[in-house]
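Accompanying notes for the structure given below.
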Amino acid sequence: MSHRLDPLLNPESIVIVGATTSGGMGTRVIKNLQHGGFKGKLFGLHPKNKDAFDIPCYPDFKSLPEKVEHAIFAVSDERIEGLVDAAIDADIKAMSMMSMLYLDDDEKPYLKDRIQAKLNKADILLCGANGMGFFHIEKGVWVNGHFSRPNHEPGGICIISQSGSGVAGIIDCEERINLNLSVSSGSELTVGAEDYLDYILHQESTTVVGMFLETIRKPDQMIQSFKLANERKIPIIVLKTGRTERSAELTVSHSGGLAGVDDCYNALFEKYGIQRVADMDELATTLIMFDQPYALANGNMVSMHDSGGERQLIIDIADQQGVEFAELEDDTTQKLKEILDPGLPAVNPLDAWGKGLGDADQIMIDSMIAMLSDSNASMGAIVMDRGPLGKIFPEYVDYLDKANQQTGKPVFLVSNRQGTGTDPLVLQLTQNGTPVIDGLYSFLAGVRCLHQYRDFLKNSESIDIVLDQEKVIYYQKKLNTIDFFGEADALKMFSEFGIKANESTIVTNKGDLSEISSKMIFPLVLKTAVKDVFHKSELNAVYLNIESQEVLLESYKELQTNLPGDSLVAPMIESNGIEMILGMTTDQQLGPMVTIGFGGYYAEALKDVVTLMPPFSKETAKKAILSLKMNPLLNGYRGSEAVDIDAFSELASRFSVIAVEFKEQIREIDLNPIILSKDNCIAVDALISLHQQNK
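Quick note: the sequence shown, position 528, residue 526 per the numbering used here, numbers continuous.
Laid out in structure tokens, this is it:
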């Protein structure tokens, strides 16, 4: 199947600009192409050399005997611009550049910007600049300025890295990973990570994708690729840097301050089933674990050990990594009691080492098969350390093979730690589909990702909320023509879209207040409605629990003295429930994001919130709500009544649909607080910030 990136990643012909036998980039590029077994035509460009390592060389592009598809630049930045111009004139379709494109005394527009503009104008595909190129192992196209290990075998794992040398330690050193394609995308001047991902997902041999991301430059295109990955059931494992960064942009709503850049990326990844890992070890390990051929069954992990202390250790680390152990059925527990030496508890995780007599190995085998055969067991781990010099005891291989063959479930041999020694069995077992993994923490990260991805594929999201499109269009037009949308109007709008909201009324003078309040039931609340006053309580511009007309008028007088202008009067909602928050903020890259959490002063004091990418279902909302640290309060705590979590989940889902419908008009929303009780779920306050206000 052809792809638009074929001239870049699978060209029929290549010219090396700066081809040489004297070392450096020009030599390494040729050696890599030859070692990789490039099947197309190779040419070199050099002002003096006639050939380089049996590759014919020519003085310039005009002298080439035929049209060439791909040019690799192995020259200095001082010379590169003129050569790029010549390549464009020669109708080169694709290029690779590893250099930085930086000149000491350059002037604006800088070299990198000039070359980017030229390549975009000519519609040329570029890998780079400021990257390391790529290894297309399956096609034999090794376009890279650095040497890698010589024994690459084609496989199903693909890696895209925005860090130049970020994954070199995986590609060059990890023989358990057999690659299809690995790309160092560099500055992504014309071809980005999302383009490479699309290419990879159209390769039949791809089984799993690893990505080292610093940013996502084209979110819409990346999301389309994420959707394609889900359609093809190809897992994507991401190592995303920048976890501690917060949005530098000023925001006016509480939720805008809560949803940092990393929260938004987490929301994106969760929505599309992208598995996130924390470091290189976790990335490599998780790729190996996903690449094995056996499907995860229902349930959770079982693990077998030969040490009680190490069994306790895996329990502790599993808790940190969010991994659950399978709850064994009664029949399985009974089988284990019959198998194990006396005194060993029949539990998962299992310490199966007892007396260590002649039947010890059979006890291990029978125990592992019994646990892995349990209907609650999704996969198995034999967690036992290596022998002297890093050798794998042959008995361990027997445990591994028989458990896998008997059940057909994934089984891994895991050491708590691996030193400098090694064993050929590591590669052999991994390539046979029963991987050998080093290190508990990274292994358990892989276990978490395997289970999360399995559950994501099973639980396809369905959103059944449809808004009245006539009302949507009406409010879109209205919001496009104003620069301020007050609380009363906001609550009214949300009410019209099915979100229960407190009925608020604007008053412009004392007479209005008297007339309007005479038709209302006390107690009431009075607050300012002056434009651009976003956090009213901080300005003492909110009066609660007003019990009489006399107190209301006195409060109004005081409010007008402090903040003259429009005011808002509304019924006082009993706060015998729990205060929650729903917020929407707009990420510059990823668009609208919804924040769900505990509201009122909890919103800023504790920041117990979750960020989701809208729209989402009520089931997704409920899962997020139950993940909050304070969620026990929702189920009744110390005599308080349980609140209606389902009602709030439905409201949150509806809110997420509204957020998407108005993403072009509304920049931020706060519904805070939302009073949630046993039989009520009502928005009391609303703040809307329009895009025009923030230009």
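Where a beta carbon is used, it is the ideal one built from N, C-alpha and C, also for glycine. From a predicted model like this one, the values you see are computed outputs, not experimental measurements.
Beta-carbon to beta-carbon, C55 and G34 are separated by about 20 angstroms, too far to satisfy the 8 angstroms threshold. Residue pairing of E577 in beta bridges, as defined by DSSP: I673. Contact between H200 and N8 fails: their C-beta atoms lie close to 12 angstroms from each other, not under 8 angstroms.
The DSSP-derived three-state label of L561 is coil.
The alpha-carbon of S553 is positioned some 21 angstroms away from that of D530.
For G167, the enclosing alpha helix (DSSP H) covers residues 166 to 171. CA-CA distance, I594 to N228, rounds to 26 angstroms. The three-state secondary structure of F323, taken from DSSP, is strand. The Cβ atoms of I579 and A603 lie no closer than 7 angstroms to each other. Nearest to M611 by C-alpha distance, out of S159, T479, V655, is V655.
According to DSSP, residue pairing for M93 in a beta bridge involves A69, L124.
Scanning its chain for C-beta atoms nearer than 8 angstroms, with the 5 sequence neighbours on each side dropped, one finds around D642 the residues L674, S675, K676, D677, N678, C679, in chain order.
Every beta strand (DSSP E) of 3 residues or more that sits fully in the segment 451 to 524 is shown, in chain order, as 503 to 505.
Residue burial is scored here from C-beta neighbours: L542 has fewer than 16 other C-beta atoms within 10 angstroms and is therefore classed as exposed. Within the DSSP bridge table, the entry for A681 names A499, I672 as partners. A straight-line Cα-Cα distance of about 20 angstroms links A324 and F288. When DSSP states are grouped into helix, strand and coil, E64 belongs to the coil group. Within the model, the alpha-carbon separation for D121 versus A85 is close to 13 angstroms. Runs of the alpha helix (DSSP H) lying entirely within the segment 101 to 164 and spanning at least 4 residues, in chain order: 109 to 120.
Short of 8 angstroms from the beta carbon of M130, and not among the five residues preceding or following it, lie these beta carbons of its own chain, in chain order: M96, N142, G143, H144, G162, S163, A166, S182, G184. Per DSSP, the unbroken beta strand (DSSP E) holding V207 starts and ends at 206 to 211. Looking only at N560, A191, G341, E513, the smallest Cα-Cα distance to E536 is reached by N560. Checking the DSSP bridge columns, you'll see S413 partnered with D436. DSSP, read as helix, strand or coil, puts R230 in helix.
Secondary structure of Y263 (DSSP, three-state): helix. Assignment of beta-bridge partners to C55 by DSSP yields G42. Shown here, M287 sits in a helix according to DSSP, grouped into three states. P343 sits in coil when the DSSP states are folded into three classes, being neither helix nor strand. A straight-line Cα-Cα distance of about 12 angstroms links V275 and L448. Cα atoms of L649 and K616: separation of roughly 8 angstroms, rounded to the nearest angstrom. For Q690, there is no enclosing alpha helix (DSSP H), as DSSP marks it with neither H nor E.
Where R274 is concerned, the enclosing beta strand (DSSP E) starts and stops at 273 to 275. Spanning the alpha carbons of I664 and I480 requires a straight line of approximately 11 angstroms. By the Cβ test, the segment 384 to 392 is in contact with the segment 420 to 428, since at least three Cβ pairs between them sit closer than 8 angstroms. Burial state of S502 is buried, judged by a 10 Å Cβ sphere holding 16 or more other Cβ atoms. A direct Cα-Cα distance of roughly 23 angstroms separates P233 from C171.
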